[in-house]
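Just so we're aligned, residue 10 is where the sequence shown starts under the numbering used here, counting upward by one.
Notes follow once the structure below has been shown.
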Amino acid sequence: MAVVDRDTVVVAGGAGFIGSHLCERLVDRGSFVVCIDNLHTGTLQNLRSLDGHPRFSFVHHDVTAPIAISGPVHRIFNLACPASPVHYQEDPVATLRTCVLGACNLLDLARTKKARILQASTSEVYGDPEIHPQPEHYRGCVNITGPRACYDEGKRAAETLFFDYQRMHGLEIKVARIFNTYGPRMLENDGRVVSNLIVQALRGAPLTIYGDGSQTRSFCYVDDLVNGLELLMDSAPTIMGPVNLGNPSELSIAKTARTILEMVGSPSDIVHRPLPVDDPRRRRPVIDEARNLLGWSPRIPLETGLRATIDDFAARLSTGKPSKRRARAAVAQASMA
């Protein structure tokens, strides 16, 4: 993609799995990138390739508090929120606060700076869908009192805030609904399907499948997803979304497990556990909007993406990586220097 005119971009949640890939892509394009992250699930290790780069800066900050950034800001990406059930259910109130207060604070920043802003929403707004596959006009089937609601309803509320700010203040907004994304830098303990199965296979442990494994997901490689986020952000002001970004190729959890076992060459068995409450039975996006409005569709084949993800996990599990505690300590030391 062509180099942009040295604009300044804020990426909230930029030390996370997807956010760190996005930060790298934006710096490569020529942007000045300000990464904001509280390092709850993100890590400084994810940003090691940008350490010391003249067009990159890191701000240790929680988006639930007001955000002040000096100088011009042209674009804002809001990816700030734990995205896996294991992490967002740890403190559901904090998750909801991050979704709602974080969106408000970033929208206020966009309003102050007259910046364009993109909300990274989620396929979870569709809940356990009653129609399949899921187009953007489907309003979802979410259990508002269930254990996943803090994330599902939080993201739905954030979308509402974005469109209300657009109507009230004329902000240039974009809303992306992200379906299951995988790739290097996923946390080994995030509880997501791909990371769980790969880590268990590499360790020779039994692969855990919840339910009978017939439930489906549509896996999109992180590079494809980042391309979609860029195209949506750069699209015409009239294209606000929501726009589904995901892979329309549907795969059962059982088939995913068998594929990973074969690719790893693991002798692990497969064990079954009860299906979690409100776990979606089927998940597949309709991506006609992304194709027609953005010219986007995923290009990375599943086996290519899985190989890169397996190799990344294998390297990290064999060499170890800085713990979150060490990463947070490094931030504390830097702030005291």
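Every residue gets a Cβ at the ideal spot worked out from N, C-alpha and C, and that includes glycine.
- Under DSSP, residue 136 takes part in a beta bridge, and its partners are 150.
- Note that the C-beta distance between residue 159 and residue 97 is below 9 Å.
- Annotation note: the stretch 16 to 46 contains the following uninterrupted alpha helix (DSSP H) runs of length 4 or greater, listed N- to C-terminal: 26 to 38.
- DSSP, read as helix, strand or coil, puts residue 90 in coil.
- At least 9 Å separates the beta-carbon of residue 299 from that of residue 279.
- Per the coordinates, the alpha-carbon of residue 194 lies some 27 Å from the alpha-carbon of residue 82.
- Under the three-state reduction of DSSP, residue 273 is assigned to helix.
- If you draw a 10 Å sphere on the C-beta of residue 213, you find fewer than 16 other C-beta atoms in it, and that means exposed.
- In the DSSP assignment, residue 260 is bridged to 226.
- Taking C-alpha positions only, residue 163 is separated from residue 282 by approximately 28 Å.
- Excluding residues up to 5 positions away in sequence, 41, 81, 82, 83 lie with their Cβ nearer than 6 Å to the Cβ of residue 17 in the same chain.
- Under DSSP, the beta-bridge partners assigned to residue 280 are 217.
- Rounded to the nearest whole angstrom, the CA to CA distance from residue 27 to residue 238 is 10 Å.
- The DSSP-derived three-state label of residue 69 is strand.
- Around the Cβ of residue 198, a 10 Å sphere holds fewer than 16 other Cβ atoms; the residue is exposed.
- In the same chain as residue 201, and ignoring 5 residues on each side of it, the C-beta atoms closer than 6 Å to its own belong to 93, in chain order.
- The C-alpha of residue 136 lies about 39 Å from the C-alpha of residue 15.
- With a threshold of 16 other beta carbon atoms within 10 Å, residue 153 falls short and is exposed.
- Proximity to residue 295 across 166, 132, 261 peaks at 132, based on C-alpha coordinates.
- Every unbroken stretch of the alpha helix (DSSP H) spanning 4 or more residues and falling wholly within the stretch 153 to 211 is given here in chain order: 158 to 178.
- In terms of Cα proximity to residue 249, the closest of 302, 264, 29, 142 is 302.
- Within the same chain, Cβ atoms closer than 8 Å to the Cβ of residue 316 are found at 272, the five residues on either side in sequence being excluded.
- For residue 129, there is no enclosing alpha helix (DSSP H); the enclosing beta strand (DSSP E) covers residues 125 to 131.
- Between residue 47 and residue 72, the CB-CB gap stays under 9 Å.
- For residue 247, the number of other beta carbons within 10 angstroms of its own is below 16, and it is reported as exposed.
- The stretch 97 to 110 makes no contact with the stretch 144 to 151: fewer than 3 CB pairs, one atom from each, lie closer than 8 Å.
- The C-beta distance from residue 232 to residue 309 rounds to 6 Å, short enough to fall under 8 Å.
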